[in-house]
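Comments concern the structure below.
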Amino acid sequence: MERLEVKKLHHHFGFTEILRDINFTLEKGKVLSIVGPSGGGKTTLLHLCAGLLDVEEGSVENSFISSSFAFQEGRLLPWKNVIDNIALGLLAKGEKTAVAVEKSKKIALRFGLEEEDFNKFPKDLSGGMKQRVSFARALVVEPSLLFLDEPFSALDIGLKKELQTVLIEMTAQKEISILFITHDLMEAIRLSDEILLLKADPGHIVKRFSYELPQNERDNKYVYNESAKILQDEEIINTFELELK
Ligand SMILES: Nc1ncnc2c1ncn2[C@@H]1O[C@H](COP(=O)(O)OP(=O)(O)OP(=O)(O)O)[C@@H](O)[C@H]1O
Ligand SMILES: [Mg+2]
């Protein structure tokens with residue numbers, strides 16, 4: 666069975682302790698989110714899980730057959746246009762150029778980009794467009810495991826919901842497993858089977874929340890109700906330094 670297993674993971678940058686004793690398992694077909702305040706070590710944790718940073722202490726065992734990553738800041742190649750950026754992973758996998766371009770165009774349209782954007786270079790895209798290109802580039806290769814670092818943070822609310830729906834459809838078919846990072850508790854509740862709350866200095870998991878209802882049955886009311894519940898949780902209030910009066 667494909668899975669990602671993180672055990673007793675610690676990480677330092679120089680003398681600064683960034684992550685302490687992180688333990689979790691992501692099973693096939695599940696969505697696991699990590700939420701927590703800025704600077705808490707979420708991106709670092711995701712990079713360690715994806716093999717983009719070396720593990721110093723503890724272990725990360727990833728048995729998923731393939732994976733891809735959508736970066737928080739997009740990381741598009743500035744000298745390639747929208748379609749060529751999306752097609753990168755496909756070409757790296759040995760897909761024929763014509764097929765790669767066709768698949769890339771199709772997914773670009775599905776993600777709300779328009780034909781007139783296809784030949785634009787990253788410098789001519791808005792922040793939200795860059796995020797869509799980055800997200801499309803990660804999904805077009807049909808990975809078994811998807812690493813997402815705040816992929817929707819620059820999108821307006823309508824577009825965000827649309828792309829969330831794309832993910833929900835994919836998870837409903839158990840095609841994909843996702844390790845998801847977000848600041849947005851409602852987004853985490855809409856998408857996740859499990860949410861890990863990461864508190865800062867150093868980053869450590871203080872609480873886990875599980876959601877049983879299938880994602881495609883979660884309506885707005887469910888998401889609002891669960892968000893209201895979670896916002897009253899003492900660990901959430903402490904972790905995000907929310908002062909609810
Ligand atoms: N390459 C690096 N070298 C040194 N320190 C780093 C490096 N990358 C991150 N850090 C530090 O590690 C801490 C955690 O950073 P990280 O990017 O993992 O946080 P985050 O939870 O993703 O924050 P955000 O929500 O703002 O994206 C921060 O204090 C950051 O300054
Ligand atoms: Mg980050």
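If you read the sequence shown in this note's numbering, its first letter stands for residue 666, the second for the next number, and so on. Yeah, the Cβ is synthetic: ideal placement off N, Cα and C, and Gly gets one too. The structure displayed is predicted, hence computed values, not measured ones.
Residue i, buried or exposed, once every other Cβ within 10 Å from all chains shown has been counted against 16
i    : result
P816 : buried
G733 : It is worth fixing the name first, because residue 733 is Ser in this sequence and not Gly. Answer is buried; the Cβ neighbour count reaches 16.
G739 : buried
T681 : exposed
K707 : buried
I687 : buried
Y876 : buried
M794 : buried
R685 : buried
S791 : exposed
S857 : buried
K758 : exposed
Bridge partners - residue i, DSSP secondary structure assignment
i    : result
H911 : A question about residue 911 goes unanswered here, because the residues of the chain that appear run from 666 up to 910.
R995 : Residue 995 lies beyond the range of the chain shown here (666 to 910); nothing can be said about it.
R668 : E692
CA-to-CA distance, residue j to residue i, given in whole angstroms
i    : j    : result
S769 : L741 : 14 Å
Q796 : L820 : 8 Å
S724 : L718 : 12 Å
W744 : G754 : 16 Å
L824 : G777 : 8 Å
T904 : E779 : 40 Å
E721 : A763 : 42 Å
D789 : Q737 : 19 Å
K886 : L756 : 42 Å
E906 : A715 : 29 Å
Within 8 Å, strictly: CB atoms of residue i and residue j
i    : j    : result
A837 : Q880 : yes
A801 : A773 : yes
E859 : L710 : no
I751 : V805 : yes
K693 : E726 : no
Next item on the list: Would you be able to state if there are at least three C-beta pairs under 8 Å between the region 833-845 and the region 799-812?
Entry: The region 799-812 makes contact with the region 833-845, as at least three CB pairs between them are under 8 Å.
Checklist line | the region 666-681 in contact with the region 828-837 per 3-pair CB rule at 8 Å | finding: Between the region 666-681 and the region 828-837, the count of C-beta pairs closer than 8 Å stays below three; the two stretches do not touch.
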